[in-house]
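In the numbering used here, the protein residues as written are -15 to 127.
What follows is a set of notes on a single structure, which appears directly below.
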Ligand SMILES: [Fe+2]
């Protein structure tokens, strides 16, 4: 069962970011499948570790892309702060003694899927559009 359905409305118009997001959506759905099937906690722990590592990899890649785009420091900081809110939530999750309990994982997924849906279709799309406009020379990097 799909927790997060990817369709063209999730695209932000940048092939690398879109590919990362599709991978993340696939991983979130995979974690959900393992959690609802209540397979052994070791399987859950392994896939959660992969999801958390890939999320950090993706955030770093996006932040690097924005930093290299010529966008203003204010824009880059706003985006980093948004990522930091999910990083904080990930750290809180990792500190839970029962973090491999399927119910705890499903609760964490509910928050995380919602966070990604709002973030991808809001800030990611807006900032990816801005980078394209900067590259075309039709946007002021300081906007
Ligand atoms: Fe982002």
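Note that the Cβ used here is the ideal one computed from N, Cα and C, for glycine as well.
The straight-line gap separating the alpha-carbon atoms of residue 31 and residue 80 is approximately 17 angstroms. For residue 110, the Cβ stays outside the 7 angstroms cut-off from all heavy atoms of ligand 1. Across the structure, residue 29 and residue -15 are spaced so that their CA atoms are roughly 20 angstroms apart. Cβ contact annotation for residue 22 (same chain, cutoff 7 angstroms, sequence separation greater than five): 86, in chain order. Classified as buried, residue 16 has 16 or more neighbouring CB atoms from the shown chains inside 10 Å of its CB.
Here residue 53 has 115 and 118 as same chain residues with Cβ atoms under 7 angstroms from its own Cβ, once five neighbours each way along the sequence are excluded. Residue 102 is classed as exposed because its beta carbon has fewer than 16 other beta carbons within 10 Å across all chains shown. The three-state reading of DSSP puts residue -12 in coil, since its state is none of H, G, I, E or B. For residue 46, the Cβ falls inside the 7 angstroms cut-off from some heavy atom of ligand 1. The nearest non-hydrogen atom of ligand 1 is less than 7 angstroms from the C-beta of residue 107. Residue environment: residue 63 is assigned as buried (16 or more neighbouring CB atoms within 10 Å of its CB, all protein chains considered). Contact between the segment 34 to 46 and the segment -13 to -3 is absent: fewer than 3 CB-CB pairs across the two stretches fall below 8 angstroms.
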